[in-house]
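Participant: Residue numbers (full-length UniProt numbering): 1 to 218. Structure incoming, see below.
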Amino acid sequence: MGHLPLVLSERRDGADKAGQPCLIFDAIFNPTICSKAAKDPKLRGTLIEVALSRIEEKTGFTLSRTIATPNIKSKEAIPPRTARIPAFWVSAESTSTARIQELKTTAVPVWTWSPTREGCRIVIQVPDLTKSLHASSTLDLESRRLIFTAGSRYHLDTPLLQPNQGARAPVGGTKFLPTTVDPDSAMAEWNVKDKELVVQIKWASVVAREKEKKEQNV
């Protein structure tokens, strides 16, 4: 299975039925995947493993794979939160009903980034934005890679970090990021007025960077 999008909440402290302290995370997958997992034990096991791996990466803990599934909808009430999109899909919203003829050639959109307090702000320019492009756009952010597609008009696939050898600038951009990012923290929204997609994302944690380094050295 390829990249499996997951939204992982921030840690909450709670207690189990015996009153023992416990950590609570909300692990949210696409509803379609969850519906399939309800009928497919193997897929359900994969979702659990992905969630546990992400929690380990986020906390630095090593979790047991002895799983118990209590008959409850959720542990405590799930608090409302701003939807965080881990880069697998940017949902479309209403745009101008004006129809502009789309060009047939595929262009590489220009993008820039600027630092924020905990990460960076990535802006992808989509000057020929139309309602259909807006509705069909997809965004995939990995720790070292960005992929954006809008219909057949725009396609961007670029490394975010400079390779050991090769390009001095990323595809469509002018400078590479200084370090890896945390895909689970990505929050994307359209600025329809300025015809751009804005992504707020945090830098990867030290634990995540060390884990990635070890995997690359294996």
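All C-beta atoms, glycine included, are put in the ideal place defined by N, C-alpha and C.
Where are the alpha helix (DSSP H) runs, 4 residues long or more, that stay fully inside the segment 127–191, in chain order?
Facilitator: Those alpha helix (DSSP H) runs which fall completely within the segment 127–191 and span 4+ residues are 131–136.
Participant: So the candidates are 23, 131, 140; which of them puts its Cα closest to the Cα of residue 6?
Facilitator: Nearest of 23, 131, 140 to residue 6, Cα basis: 140.
Participant: Beta carbon of residue 160, beta carbon of residue 146: below 7 Å?
Facilitator: Contact: yes.
Participant: For residue 222, name the three-state secondary structure that DSSP assigns.
Facilitator: Residue 222 falls outside the range modelled here, since the chain spans only 1 to 218, and no answer is possible.
Participant: From residue 124 to residue 110, what distance separates their C-alpha atoms?
Facilitator: The alpha-carbon atoms of residue 124 and residue 110 are separated by roughly 6 Å.
Participant: Within the continuous beta strand (DSSP E) that includes residue 112, where are the two ends?
Facilitator: Per DSSP, residue 112 belongs to the beta strand (DSSP E) from 111–115.
Participant: Since residue 190 and residue 119 should fall inside the 8 Å C-beta cutoff, what is the C-beta to C-beta distance between them, to a whole number of angstroms?
Facilitator: That belief does not hold up - the Cβ atoms of residue 190 and residue 119 are roughly 20 Å apart, past 8 Å.
Participant: Compare the Cα-Cα distances from residue 71 to each of 17, 46, 154 and report the closest residue.
Facilitator: Checked all of 17, 46, 154; the closest Cα to residue 71 is 17.
Participant: Measure the alpha-carbon distance for residue 188 versus residue 106 and round it to whole angstroms.
Facilitator: Rounded to the nearest angstrom, the two C-alpha atoms are 23 Å apart.
Participant: For a quick check, are the C-beta atoms of residue 180 and residue 143 less than 7 Å apart?
Facilitator: The answer is yes: Cβ separation under 7 Å.
Participant: Terminal residues of the continuous alpha helix (DSSP H) containing residue 50?
Facilitator: It spans 41–59 - the alpha helix (DSSP H) in which residue 50 sits, taken as one unbroken run.
Participant: Am I right that residue 198 and residue 121 are in contact with their C-beta atoms under 8 Å? What's the rounded C-beta distance?
Facilitator: Sure, about 7 Å apart at Cβ, within 8 Å.
Participant: Using C-beta distances below 6 Å, list every residue in its chain close to residue 19, excluding the 5 sequence neighbours before and after it, in chain order.
Facilitator: Cβ neighbours of residue 19 beyond the five flanking positions: none.
Participant: Confirm, please, whether the CB-CB distance from residue 156 to residue 192 is below 7 Å.
Facilitator: No. Outside cutoff.
Participant: Quick one: is residue 214 buried, meaning 16 or more other Cβ sit within 10 Å of its Cβ, or exposed?
Facilitator: With fewer than 16 other Cβ atoms within 10 Å, it is exposed.
Participant: Just verifying my parser: in three-state terms, what is the DSSP assignment at residue 67?
Facilitator: Residue 67 falls in the coil class under three-state DSSP.
Participant: Which stretch, first to last residue, makes up the beta strand (DSSP E) that contains residue 122?
Facilitator: Residues 119–125.
Participant: Please report the distance separating the alpha-carbon of residue 68 from that of residue 32.
Facilitator: Going by the C-alpha atoms only, they are around 23 Å apart.
Participant: Quick one: grab the DSSP three-state call for residue 193.
Facilitator: Reduced to three states, the DSSP call for residue 193 is coil.
Participant: Assign residue 12 to one of three DSSP states: helix, strand, or coil.
Facilitator: Strand at residue 12.
Participant: By Cβ distance, which residues of its chain are closer than 6 Å to residue 9, with the 5 residues on each side in sequence left out?
Facilitator: Excluding sequence neighbours, residue 9 sits near 25, 26.
Participant: With a 10 Å radius around its C-beta and 16 neighbouring C-beta atoms as the bar for buried, classify residue 96 as buried or exposed.
Facilitator: Residue placement at residue 96 cannot be trusted, given a pLDDT of 39 that sits under 50; the coordinates are not used to answer.
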